[in-house]
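Asks: Note that the sequence shown covers residues 22 to 131 in our numbering.
Sharing a structure here in structure tokens format.
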Amino acid sequence: MLFNLQDGQVLDNDISSYDTAERDTLDYLESRAVELSEETSMLSRELRKLATKCMELNDANAILMDELRQMCGSSEIEILEAINPNNNPQTDDEWSSQSTVVTKSESSSQ
22 MLFNLQDGQV LDNDISSYDT AERDTLDYLE SRAVELSEET SMLSRELRKL
72 ATKCMELNDA NAILMDELRQ MCGSSEIEIL EAINPNNNPQ TDDEWSSQST
122 VVTKSESSSQ
């Protein structure tokens, strides 16, 4: 049986004319196509879950930043906002090479 990837239906082609090796290859490719289709669906669901979690974390981060701004003042928070990836989108490589850790003594001296 052959699988039509475009509409997901089984084709009614007679593969009896194919030799055993060709049938085995076709069967293998068909099963791989089904597996990959299922994996794609699973990965899409996982991506949607992660995107939702990311939005929730962004919302929580915004609330925390507002609380910090009220407690510490805007000037203290500017450093955090400058390295916040939501305010300054970067690739992972750029982020790891450009991010800095600000210690308590450094932030109080500024």
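Heads up, the beta-carbon is just placed ideally off N, CA and C, and yes, glycines get one too.
1. What number of angstroms, rounded off, separates the C-alpha of S52 from the C-alpha of S65?
2. Do the segment 43 to 62 and the segment 79 to 86 meet, that is, are 3 or more Cβ pairs less than 8 Å apart?
3. Given this structure, state the Cα-to-Cα distance separating D40 from S58, to the nearest angstrom.
4. Mind checking whether I98 and L85 have CB atoms under 8 Å apart?
5. For D40, which three-state DSSP category applies?
Replies: If we stick to the structure as given:
1. Inter-residue distance for S52 and S65 is about 20 Å (C-alpha atoms, whole angstroms).
2. Contact fails: fewer than three Cβ-Cβ distances are below 8 Å.
3. Taking the straight line joining both Cα atoms gives about 27 Å.
4. Against a cut-off of 8 Å, the Cβ pair of L85 and I98 comes out as no contact.
5. In the structure shown, the three-state DSSP call for D40 is coil.
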